[in-house]
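Rendered as structure tokens:
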């Protein structure tokens, strides 16, 4: 689908240069960038849902085990890029 967008001049120049370096059309670069942006935001949705599960699961009898599990998960994910 063809569409028109407005972006700052310096961003356009950077996109143009990047597309040339990668040897791909500029439109392909924009499509890939948008695709990655959407994927990253869907990962945030997954994280939010996991947080809900852990919060709602806190009503378990073994509260200390749940807290330890959440702490371990947070610690394992703290350096994760998403």
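Numbering (the numbering used here), first residue to last: 3 to 84.
Where a beta carbon is used, it is the ideal one built from N, C-alpha and C, also for glycine.
The structure presented is a predicted model; accordingly, all values stated were derived computationally and were not measured.
What residue does the alpha helix (DSSP H) around residue 80 start on, and which one ends it? Looking at the DSSP string, residue 80 is not in any alpha helix (DSSP H), and its letter there is neither H nor E.
Have a look at residue 87 and residue 32 and give me their C-alpha separation to the nearest angstrom. For residue 87 there is no data in the structure shown, the boundaries of the chain being 3 and 84.
Does the Cβ-Cβ distance between residue 28 and residue 35 come in under 8 Å? no
Quick check on DSSP: helix, strand or coil for residue 6? coil
Using alpha carbons as the reference points, say which of 40, 45, 17 lies closest to residue 30. 17
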